[in-house]
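Chains as they are written, first to last, in my numbering: chain A, 21 to 182; chain B, 129 to 482; chain C, 43 to 865.
Please read the structure below before turning to the comments.
Okay, here's the thing in structure tokens:
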């Protein structure tokens with residue numbers, strides 16, 4: 021990046037807080053979250069939309085932050101894994117992922133969590149098939165997915181009862 | 129980390145403004161969902177100076193009835209929205225099946241119909257990083273010096289898929305096009321000079337580089353389903369290795385208008401993923417007047433598969449893809465006849481959604 | 043290490059399913075992976091990589107790059123004259139290529155700049171002049187093309203390594219056999235594809251020393267490689283292994299980019315970071331070797347194996363990596379599953395102009411395991427036996443020595459087979475399902491850590507240090523690396539079990555050569571067993587100190603004290619006791635500051651012949667699996683309906699994690715069985731020398747998505763082995779191994795064709811269905827000029843583990859403690 025690299029300023033809401041940030045216009049939301057805002061909970065595995073590690077929620081929907089030009093996010097509401105907890109309390113999905121072994125290396129976990137959060141917000145009674153479908157944009161090389169499905173369904177169950 | 133090259137970004141507030149910006153800067157490019165453009169930027173397949181965002185053009189996200197019975201779908205409607213839209217549940221099921229199977233749920237949340245129709249052609253020699261393409265001495269579709277502009281007279285302009293070919297063999301990989309061609313859709317293009325409407329199939333040319341007949345300064349504004357689309361029955365079969373992420377290595381869009389006693393009164397069968405353009409099988413009309421007997425289906429599938437010219441530049445081996453073309457065309461017609469997909473094997477079960 | 047009976051019967055946390063101790067960080071995005079680290083004044087590094095497969099470097103012009111704003115330094119091979127490598131016998135890599143490049147992707151120069159964007163642009167401006175050499179694309183080409191040599195060392199020409207062993211008179215067994223089976227197989231290469239791309243951050247620390255954070259599975263080997271390649275005192279180097287975002291063996295080598303950023307940081311006095319792109323991760327590779335195999339088996343009339351004769355030809359790629367070990371491993375473990383009275387193994391690894399192959403989950407053994415288990419299926423079919431019965435009738439015996447002198451511990455394989463056979467109703471359904479549906483069975487075995495270290499030093503393989511704080515917190519230090527498998531939890535669990543405190547009261551500090559005692563690294567399924575035993579020793583020493591003090595105070599013999607529920611009490615009267623904290627304070631007051639150490643080194647192997655160092659392990663794990671598939675006859679499409687898998691874990695320390703490893707192995711094995719391929723593209727030779735990775739992207743290198751993964755039924759077989767901590771064996775690798783043959787066998791049961799090649803794809807199924815032979819696979823094994831065999835008599839033929847025709851070997855201990863053995 022040199023001095024004449026075009027730059028852009030956006031205002032957005034990240035995890036419920038207003039932020040204004042200026043960055044090289046070529047950057048995607050992934051780069052702005054990690055490099056400008058220090059939110060390194062969002063991961064990257066390809067930067068081309070092929071793995072799902074960078075999934076975050078934008079305006080209520082799970083999207084891939086590596087494919088979204090940050091300049092497009094002016095006015096957007098962005099939720100990342102850093103905002104998933106309720107103050108110091110783990111989100112039921114986080115509890116279930118922890119208890120049921122749904123996170124092994126943990127690298128793909130933030131993407132899975134944010135995707136599952138969007139799913140359960142929209143569809144609290146999601147079936148196993150719906151969970152599989154909703155998570156089909158995130159790759160995990162450790163778990164074989166089974167414990168992830170179990171965790172999402174278990175969290176859905178608990179959230180339904182709460 | 130893979131990074132896009134330096135560029136500028138601007139929000140257009142209307143199609144008209146976007147068209148004006150495209151006309152002013154030949155290196156400007158439309159940014160809709162960006163799910164196809166952004167990876168290509170990062171791989172340096174092209175380097176626009178300006179991205180003209182249509183995100184704030186609300187008109188592009190409208191779905192409205194057209195006088196006379198058709199339906200207009202704004203090019204900016206997201207694939208997720210299309211995949212669950214009840215208006216396409218029956219007759220235009222091909223569109224739902226196609227859009228529901230593009231890439232992944234995350235990508236469909238952002239990707240637009242217009243973007244999928246204008247999807248860059250794909251090739252395992254082309255969809256690679258700059259460094260990788262340097263190692264093969266580049267190719268016709270993305271020569272070293274191009275910066276996105278194809279130069280056919282340069283030494284490095286070879287198509288590695290078919291080195292003798294004067295034309296690039298990159299593959300049309302849009303799911304929605306074969307579905308919409310089968311449905312008889314047309315598209316409206318707008319530029320600063322005005323607008324024009326053409327049948328969707330005429331948007332495409334069988335050339336991996338010049339695969340769109342749309343001019344660079346034209347914007348695909350809307351897709352129009354014909355007045356009688358509610359009277360058709362349709363389906364879309366997608367072939368891919370995995371049940372998510374993958375581009376189609378074959379797409380079969382099939383739409384029939386059935387008369388009394390199951391006689392076919394009109395038919396459109398389209399293929400995607402087998403050439404540089406999606407095609408309407410020219411023999412579609414030969415089905416008219418027939419009923420869907422096993423023999424008629426087999427005979428048509430043979431004819432249709434002859435048009436599939438897969439090559440060694442996508443996933444899965446090409447002779448096999450050609451073989452499956454026949455199977456899928458036949459199965460799509462059987463499905464429209466009312467056969468249960470569960471009787472057609474495991475591959476059939478996952479080839480259609482909805 | 044001899045765990046006591048007390049240890050064999052865990053009372054506290056061991057054996058109970060629960061969340062891992064580091065789970066919270068993992069589900070809150072707070073694990074700091076290497077690329078998450080950032081420091082003030084940090085610079086960014088980008089490597090310039092060769093775009094030609096094989097060439098001499100004539101010159102490098104970095105002037106244009108250096109002239110760019112923001113560029114601080116360009117490094118080339120001249121800065122790195124010293125070679126390194128993970129195995130002492132193949133120090134054949136330079137951080138940046140010195141004279142020649144050996145594959146597309148070999149690093150030639152490095153650009154360090156203030157932003158990654160500047161580094162990328164500047165790297166594109168570095169011009170390298172090459173003189174092309176003949177491209178060698180396959181092992182067959184390597185055998186036929188001794189010149190030009192890719193390396194100037196190795197057995198001959200472009201052959202890196204050839205081995206030949208004969209355990210007993212194999213030819214005599216074949217001559218007297220009732221049946222002889224002779225099959226050829228090919229197993230395509232594949233790669234780890236960790237979702238985390240490798241990253242490293244190096245600094246010159248405030249004292250002027252080197253510190254590097256890196257996504258490595260083996261900080262100890264990186265430490266050694268840095269010291270050697272940078273000619274530095276290892277006491278001035280600190281390697282911190284950041285938690286790996288997936289490893290699977292792919293981060294087990296010391297890598298060029300790690301050494302490059304270390305050098306740059308030392309030269310510039312500023313932090314230097316690199317994070318590889320996905321393309322570069324494919325170039326790092328070190329994954330599964332493509333292997334051609336010929337397996338001949340002699341049996342009696344009942345299908346009992348009399349002798350096995352295996353040949354393997356490995357495509358090694360361009361560097362040694364772990365390849366010599368891989369070559370041995372492609373034959374070493376064929377004997378530990380079933381009784382094999384006589385065995386001949388010939389293995390050859392060739393250099394080719396492709397990214398180097400190395401260890402991936404199962405290291406060298408999935409390929410011959412595939413051949414063996416598919417051939418057993420053929421034997422069963424030919425002799426009209428049920429494949430489960432054929433295996434059960436000839437299982438290896440617990441506590442025995444094999445023909446090649448592997449010492450076997452407990453064997454839970456019979457129970458594994460019974461479980462999956464019962465779960466899948468294999469006996470009732472195999473061979474009887476309608477056309478298009480099939481069941482396949484396969485078994486396997488794997489190491490629980492290599493019995494012999496890479497560097498043959500008589501030093502512990504793993505060390506654990508405990509610090510017992512007045513607060514009640516116990517800190518466990520160990521060099522093992524958390525790569526997602528849960529090794530930090532294993533460490534906390536074992537210490538907690540022995541001291542009777544919750545695992546969450548144990549702080550673990552791992553993978554930091556500046557703080558933790560050496561552990562050789564997270565590879566070869568060694569950590570649970572080796573670190574676990576070291577942890578037991580350290581914790582028992584601490585327990586004994588505390589018990590002594592507590593016992594004196596309570597008037598109870600120390601041996602009668604129980605440590606549980608954060609209390610220390612009399613086993614005979616639980617009311618007589620004290621809190622953990624009181625006991626701790628009493629012990630500190632008696633003994634001074636509390637700290638203990640434990641270490642572990644495996645017993646000497648029984649195999650004493652040259653090459654016998656690869657294969658021995660303290661014990662072996664066993665697995666069995668049945669896969670049910672549906673195969674569409676018109677397309678060859680393979681749909682996996684269900685997987686039943688049983689794993690002999692010895693003892694399950696934390697069943698939640700064990701089950702996760704089993705299912706994860708099933709997942710990765712199915713990926714290999716069905717679609718994962720690290721394959722290369724040669725352009726028409728008249729137009730180009732190019733030899734490139736065909737599909738270096740996560741999109742085109744196919745791995746199973748959530749929708750492609752079948753449901754898995756898991757059985758854990760617990761038959762504690764005295765070699766393992768609380769009897770535990772490995773689980774990270776073994777359950778992967780039966781997947782590929784079980785899948786191929788189920789395709790046979792479904793549609794009656796043999797695909798003798800991995801992956802088994804729909805295209806190959808169709809070709810097999812259309813072939814007269816009803817088979818798809820290699821027709822013959824390439825001709826290899828094998829050396830004379832090393833002859834070792836099996837134990838039951840009077841052998842003592844030495845070779846009858848081997849010259850005595852000399853060994854010496856090098857400065858760094860490494861034992862160097864010369865033939």
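Even glycine gets a Cβ: it sits at the ideal position worked out from N, Cα and C.
Model, not experiment: these values are computed from the prediction.
- Comparing alpha-carbon positions, the option among B:467, B:449, B:457 lying closest to residue 678 of chain C turns out to be B:449.
- Residue 458 of chain C sits in a helix when the DSSP states are folded into three classes.
- Taking the C-beta atoms as reference points, residue 447 of chain C is found no nearer than 8 Å to residue 541 of chain C.
- Within the DSSP secondary-structure output, residue 154 of chain C pairs in a beta bridge with C:87, C:115.
- Taking the beta carbon of residue 70 of chain A as reference, the chain C residues within 9 Å of it are 320, 739, 740, 741, 742, listed in sequence order.
- Within the model, the alpha-carbon separation for residue 742 of chain C versus residue 630 of chain C is close to 60 Å.
- Interface flag for residue 44 of chain A against chain B is set, since a Cβ pair is found closer than 8 Å.
- Under a 10 Å Cβ-count criterion, residue 31 of chain A is classified as exposed, with fewer than 16 other Cβ atoms of the shown protein chains found around its own Cβ.
- In the DSSP annotation of this structure, the continuous segment of the alpha helix (DSSP H) that includes residue 260 of chain B starts and ends at 258 to 263.
- At a cut-off of 8 Å between C-beta atoms, residue 709 of chain C counts as an interface residue with respect to chain A.
- Nearest to residue 167 of chain C by C-alpha distance, out of C:91, C:200, C:238, is C:91.
- The DSSP-derived three-state label of residue 720 of chain C is coil.
- Contact between the segment 433 to 444 of chain B and the segment 459 to 468 of chain B is absent, with fewer than three C-beta pairs closer than 8 Å.
- Pairing residue 181 of chain C with residue 172 of chain A, the inter-Cα distance amounts to about 47 Å.
- Under the 8 Å Cβ criterion, the segment 152 to 162 of chain C does not count as touching the segment 786 to 799 of chain C, having fewer than three qualifying pairs.
- Nearest to residue 754 of chain C by C-alpha distance, out of C:112, C:512, C:506, C:466, is C:466.
- Proximity of the segment 813 to 825 of chain C to the segment 618 to 625 of chain C falls short of the contact definition, fewer than three beta-carbon pairs being nearer than 8 Å.
- Taking a contact to require three or more Cβ pairs closer than 8 Å, the segment 201 to 221 of chain C and the segment 388 to 398 of chain C qualify as touching.
- Taking a C-beta distance under 8 Å as the contact criterion, residue 398 of chain B and residue 327 of chain B do not qualify as a contact pair.
- Taking a C-beta distance under 8 Å as the contact criterion, residue 404 of chain B and residue 299 of chain B qualify as a contact pair.
- Counting C-beta atoms within 10 angstroms of its own C-beta, residue 305 of chain C has 16 or more neighbours from the protein chains shown and is therefore classed as buried.
- The distance from the Cβ of residue 297 of chain B to that of residue 322 of chain B is about 34 Å, inconsistent with a contact at the 8 Å cut-off.
- The DSSP-derived three-state label of residue 209 of chain B is helix.
- For residue 153 of chain A, the chain C residues whose C-beta falls within less than 9 Å of its own C-beta are 748, 749, listed in chain order.
- Taking 8 Å as the upper bound for CB-CB distance, residue 470 of chain B and residue 347 of chain B are not in contact here, some 43 Å apart.
- Within the segment 370 to 390 of chain B, contact with chain A at the beta-carbon level (separation under 8 Å) is assigned to 371, 372, 373.
- Annotation for residue 783 of chain C: 411, 412, 415, 416, 484 place their beta carbon closer than 7 Å to its own, counting only its chain and skipping 5 residues before and after.
- Residues of the segment 700 to 733 of chain C with a C-beta less than 7 Å from any C-beta of chain B: 717, 725, 726, 729, 730, 732, listed in chain order.
- Setting aside the 5 residues that flank it on each side, residue 758 of chain C is surrounded in the same chain by 688, 689, 691, 694, 697, 700, 701, 704, each with a C-beta closer than 8 Å to its C-beta; the list follows chain order.
- Residue burial is scored here from C-beta neighbours: residue 720 of chain C has at least 16 other C-beta atoms within 10 angstroms and is therefore classed as buried.
- Chain A places a beta carbon closer than 8 Å to that of residue 129 of chain B, counting this residue as a contact.
- By the 16-neighbour rule on beta-carbons within 10 angstroms, residue 105 of chain C is exposed.
- Between the segment 529 to 538 of chain C and the segment 570 to 583 of chain C there are three or more C-beta pairs closer than 8 Å, enough to call the two in contact.
- Neighbours of residue 444 of chain B in chain C, taken as residues at a C-beta separation under 9 Å, are given in chain order as 803, 804, 805.
- From the beta-carbon of residue 455 of chain B, the residues of chain C found nearer than 8 Å are 676, 677.
- Looking at C:61, C:640, C:503, the one whose alpha-carbon comes closest to that of residue 564 of chain C is C:503.
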